[in-house]
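Last residue of the sequence shown: 176 in the numbering used here, with the numbers rising by one and none dropped.
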Amino acid sequence: MTEVAVPAVPRYLAQETPWRKADSLLSSAVTLVGLVGVGIAWVGVSGEADFDNQQSWLMVAIGAGVILGLGMSWWLLVGFREVRRAQREFVADLRLTRKLLPTTGEPALSRAARPAAVAPAHSDDLVTGERMTLVHRSTCPMVAGKPIVNLDRAQAAARRLDECKVCLQ
Ligand SMILES: [Zn+2]
């Protein structure tokens, strides 16, 4: 078994969360402004016994609630958008790996940034890792970025490794 080059890690595996720092900071800041506004309105209205005087505080609370909702909605929107983008990239990688599904013509979003994932010359190479229980193709997204070694089918059988359900079945 020889050590093979570690392929570039796709963004969907390299990122810990779907949110970039700027997205998290912006949505947190907007949500915090809304929360503070609701708190101010709560304190303000608690000192007013007259309903007519409470109405302006109610308006402040409604406005702050809208800001609060915008902050949380932005956070969810960014999260869902990034997860969907990662799903599309993963499917694109799967198509390249298996060459079974017909491509629909849309370009893999980060194909240019990840030439290692598009290495057809080695797509049939079998690999596994030190503590892995499965054997994969070298182009399988499940082994991207992990330390892997080449092996053949006899070696895989001798080590009782099952075939990866993503890239080999
Ligand atoms: Zn695999």
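Even glycine gets a Cβ: it sits at the ideal position worked out from N, Cα and C.
Buried or exposed by the 16-neighbour rule on C-beta atoms within 10 Å, applied to residue i
i	result
Leu-39	exposed
Trp-90	Contrary to the premise, residue 90 reads as Val rather than Trp in this sequence. Val-90 should be labelled exposed.
Met-149	buried
Cys-171	buried
Cys-174	buried
Ala-164	exposed
Residue(s) in a DSSP beta bridge with residue i
i	result
Val-134	His-143, Asn-157
Helix, strand or coil at residue i [DSSP, three-state]
i	result
Glu-89	helix
Glu-170	strand
Leu-175	coil
Arg-105	helix
Trp-82	helix
Ala-21	helix
Gly-51	helix
Trp-26	coil
Val-16	coil
Asp-57	coil
Ala-151	coil
Chain-order list of residues whose beta-carbon lies under 6 Å from that of residue i (same chain, five-residue window excluded)
i	result
Trp-82	Ser-34
Lys-153	Gly-136
Contact set for residue i: own chain, Cβ-Cβ below 8 Å, skip 5 residues either direction
i	result
Val-43	Ala-71
Gly-41	Ala-71, Gly-72, Val-73, Ile-74, Leu-75, Gly-76, Leu-77, Gly-78
Sequence-distant residues of its chain with Cβ nearer than 7 Å to residue i (five each side left out)
i	result
Phe-97	Tyr-19, Pro-148
Arg-166	none
Met-66	none
Asp-131	Arg-144
Item to check | For ligand 1, residues whose Cβ lies under 5 Å from any non-hydrogen atom | outcome: His-143, Cys-147, Met-149, Cys-171, Val-173, Cys-174
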